[in-house]
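As structure tokens, the structure follows; a few thoughts come after it.
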Amino acid sequence: MLSGKQKRFLRALGHGLKPVITVGKSDVSEAVIRETNEALESHELIKVKILESCLIDRHEVAEELCTAAGAELAQVLGRTLLLYRAAKEPRLELPKK
1 MLSGKQKRFL
11 RALGHGLKPV
21 ITVGKSDVSE
31 AVIRETNEAL
41 ESHELIKVKI
51 LESCLIDRHE
61 VAEELCTAAG
71 AELAQVLGRT
81 LLLYRAAKEP
91 RLELPKK
């Protein structure tokens with residue numbers, strides 16, 4: 001579980017990132033989950049864009065992706081999510097809790 005201080009730190013890092021995953025009409029499919037896992041393995045911190053064509057609520061999308069990928073939600077801003085999962089050899093050093 002991320003603390004408030006850690007979430008603020010991750011939001012600051014994620015500000016300049018471009019979305020690497022797009023959730024559209026197919027909602028949270030196996031392919032989206034697989035792509036999310038691959039992106040988290042290589043980047044640790046990713047942005048996910050939810051298109052207008054997505055039929056489920058953005059908070060439900062966030063919950064499903066986090067559960068399926070074992071990630072933590074750092075931010076929901078409009079239709080953009082910021083997800084974090086520490087790598088086996090973390091490159092990001094989070095502030096202490």
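Residue numbers for the sequence shown follow UniProt numbering, so the first one is 1 and each next one is one higher.
The C-beta atom is built at its ideal place from N, Cα and C for all residues, glycine as well.
Neighbour-count burial assignment, residue i, 16 or more Cβ in a 10 Å radius
i     : result
Ala74 : buried
Leu51 : exposed
Thr22 : exposed
Lys65 : Correcting the residue type first, residue 65 is Leu in the shown sequence and not Lys. Buried, since its Cβ has 16 or more Cβ neighbours within 10 Å.
Distance, residue j Cα to residue i Cα
i     : j     : result
Arg8  : Glu38 : 24 Å
Gly14 : Leu81 : 10 Å
Ser29 : Glu63 : 13 Å
Lys97 : Arg11 : 16 Å
Leu40 : Arg85 : 6 Å
Val48 : Gly16 : 13 Å
Coil, strand or helix - residue i by DSSP
i     : result
Lys5  : helix
Glu38 : helix
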